[in-house]
């Protein structure tokens, strides 16, 4: 049984086990008739150019404006187009050459086992100066995916869920400064076909190599060749620009002196291939060469690098050294007569294997190649070549055979990334201009996000200076190491403070670089400039407030009011405002922008719900300073049905219930009696100014209504008509009407015996001090008669006012402020006694009125005039 894939072969052995052979490149492809050998030679069919048999679905343009390259991996299809019409390609094996895509510039597309190589061959200095080469935009279309720049500077193709389905190393370019050795070991002219063919596979030793800037803009690939490497005075042409190489750059080859023109490229002999000299089976002189793609290591710090190959045979157990050199690149043209040049010596190791007593099953040999790898990575080389050579190439005892699947292992340290997400006090650094900061009692804090591609710990190195650029920076401020991906922070504690212990106004600039735990440092970030303004804005003004600018108006629900926010001082550089009804801190919503020479903002502000509110407004300056304290306006939104909620006239002819004007709140009058009384002292009994009242004594059960319809968090008025009995001397304090708090006193209207008559009193319980606040209006000596009394409570000012008509003294007294208990719900409206039924009323009561909101002066005046005989005569229901 056998199962195969492009890179793996799995078979069952006679012993009942399985064996797997894995190649480091595809060895077969699936065709219509089963597995086929790979054939990269290009042919044109169906209007496109394709390889005969290659892994993946690859199409090249046959000319015109069709996509230059289309590659499908799974469900993701990537198309790349040349900026213009393409000529018909010249096909030569796996290479399609589009001649003169730009004058004296050829485009070579080569299909390999690792993907598709694209190389621009710039043949002359005049071609290099063509402005079309300054920036190449390759239109890209990806179905079911996207293309983006990878962390290492190369290119990644991702599917819709973010998985990488294709990639390419960072693009590079190289000139012809090095030497291409042709057949016979002699240098060839750089512009010759042989040299061009060689260099399109990569730079040779001593070619000048430079990076090509890569970006993805709008999904398209944008390449910017290095200008000095393209048009500099020392450039040797042709110049090669390699914008994209797909797959791996791995290769290996054996060169055979006895077959000097034959290529033994990517040999796969299971018994390995030899290096050195042997005369055991005929005569052989051989060398082994290996090549690895290392573009991902470009510019990195190499900590260690080893090359490992498996030795499978030596002629004896006598050890002899095998050396490793850095070498030129390997290709399918590599032969004894055209073998890679040898570079710096790396390491030698002496071992034997393949014989009883000395590793009969073979052994791995490991050489140190750190120096060569560090040099290649430092030069930005996309590949490194290694040569495996016997120390004495004339000694048959030095002959060794090795397997082809050699490997390299590299421990490296990549430079930390340039710090990102730079902020000062949490504000992102702008591309241009400066961050403006307001008054500060603590030092500003610089922050930046640090990242290391290897995940090493990193620390920030800060440069800063006064002014708008860093011309002579302070010494580096070095922070502590933090995990990669963390944000580093540093306080600028060296800044000066003023006499108010705030940071002085001024302008500063900082920049930051990152250093990893291995001492490798990133480039510095762009500079970030910030300005501190320590002067605070004054509280703003608000124009158009109801009841303030126009005393005849008031806040009402379901209405909007046009208000204007204005600076509190003409010196303030106000740029906007924020306001809140609910918090003593400004909201985080967008600022209301100031405009015009007056730096004002006008808006329609809807009233809030019925009840008391505070409007707070803050002004903001360009520096970010806001008002040290806000403008504050406390107001009450009045209930539109505030005037009379309930009125008890006590004009019911009989029954124990007094029904109010709404019919919703019956009052049980208990054993109180109804009687008719004159409204004024010495009134004529036949006068019409007489009305039905209720009469109570100290022993009467006080009328009460369970529950309360008065909200102590809103303004309200209570009114009634009182006629204290002349004989009421057994109790100094009498309560005509009361509301109790939740297990506490609340509010009482009543009278106090003063020895010869009565004083009228309003007692309000202050929940903050747990004490009564009292308003007192002195009454007449002797029998006063019936008096209308109005008690008002303003929840905004916390003031309670008592008004009495017909008293000898002042008719209105306002005591100090008082905060009522938060709720009356557990108590009852009580007529004729205090909330605890202790201070009973003796006398007569009538016309109990409960008003939701504060009655205006005119409303109270009209109410009182009903009982003023100079204005009208009172009858049941009014005048």
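In our numbering, the protein residues as written are 1051 to 1929. Each residue gets a CB set at the ideal place from its N, CA and C atoms; glycine is no exception. All figures in this text were calculated on a predicted structure; none of them were measured in a lab.
- Beyond the five residues adjoining it in sequence on each side, residue 1674 comes within less than 7 angstroms, by CB distance, of 1486, 1487, 1488 in the same chain, given in chain order.
- The Cβ-Cβ distance between residue 1406 and residue 1364 does not fall below 8 angstroms.
- Taking all protein chains in view, the Cβ of residue 1156 is crowded by 16 or more other Cβ atoms within 10 Å, so the residue is classified as buried.
- Secondary structure of residue 1281 (DSSP, three-state): helix.
- A contact is defined here as three or more CB-CB pairs under 8 angstroms, and the segment 1448–1460 meets this definition with respect to the segment 1324–1336.
- In the structure shown, the three-state DSSP call for residue 1181 is helix.
- As the crow flies, the alpha-carbon of residue 1140 is around 56 angstroms from that of residue 1538.
- A direct Cα-to-Cα measurement between residue 1829 and residue 1809 gives close to 5 angstroms.
- Straight-line spacing of the CA atoms in residue 1286 and residue 1078 works out to 40 angstroms.
- The beta carbon of residue 1213 sits closer than 6 angstroms to none of the beta carbons in its chain outside the five residues before and after it.
- Rounded to the nearest whole angstrom, the C-alpha separation of residue 1256 and residue 1227 is 6 angstroms.
- Each of 1630, 1634, 1616 was checked against the Cα of residue 1643, and the nearest Cα belongs to 1616.
- Fewer than three pairs of CB atoms, one per stretch, sit closer than 8 angstroms, so the segment 1336–1345 makes no contact with the segment 1556–1575.
- Note that the segment 1354–1362 does not touch the segment 1490–1508; fewer than 3 beta-carbon pairs, one per stretch, sit closer than 8 angstroms.
- In this structure the segment 1274–1291 does not touch the segment 1411–1421; the number of beta carbon pairs closer than 8 angstroms is below three.
- Shown here, residue 1121 sits in a strand according to DSSP, grouped into three states.
- Excluding sequence positions up to five before and after residue 1541, its CB lies within less than 7 angstroms of the CB of 1493, 1495, all in the same chain and listed in chain order.
- Within the same chain, Cβ atoms closer than 6 angstroms to the Cβ of residue 1870 are found at 1762, the five residues on either side in sequence being excluded.
- Residue 1335 carries a strand assignment under DSSP once its states are collapsed to helix, strand and coil.
- For the set 1391, 1369, 1385, the Cα lying nearest the Cα of residue 1375 is the one of 1391.
- DSSP, read as helix, strand or coil, puts residue 1420 in helix.
- Residue 1454 is classed as buried because its beta carbon has at least 16 other beta carbons within 10 Å across all chains shown.
- Taking the C-beta atoms as reference points, residue 1895 is found nearer than 8 angstroms to residue 1772.
- For residue 1156, the uninterrupted beta strand (DSSP E) segment begins and ends at 1155–1162.
- Residue pairing of residue 1187 in beta bridges, as defined by DSSP: 1272.
- For residue 1648 and residue 1764, the gap between their C-alpha atoms comes out near 37 angstroms.
- Measuring C-alpha to C-alpha distances from residue 1348 to each of 1868, 1204, 1404 identifies 1204 as the nearest.
- Between residue 1185 and residue 1109, the CB-CB gap reaches or exceeds 8 angstroms.
- Only exposed fits residue 1211, as fewer than 16 other CB atoms lie within 10 angstroms of its CB.
- Look at residue 1239 here: in three-state DSSP terms it is coil, with no helix or strand label.
- Between residue 1120 and the set 1114, 1131, 1113, the nearest pair of CA atoms involves 1131.
- The beta carbon of residue 1187 lies closer than 7 angstroms to those of 1133, 1270, 1272 in the same chain, with the five residues before and after it left out.
- Setting aside the 5 residues that flank it on each side, residue 1189 is surrounded in the same chain by 1131, 1270, each with a C-beta closer than 6 angstroms to its C-beta; the list follows chain order.
- For residue 1894, the enclosing beta strand (DSSP E) stretches over residues 1893–1901.
- Shortest Cα-Cα distance from residue 1441 to any of 1091, 1798, 1373, 1096 involves 1373.
- Straight-line spacing of the CA atoms in residue 1563 and residue 1570 works out to 11 angstroms.
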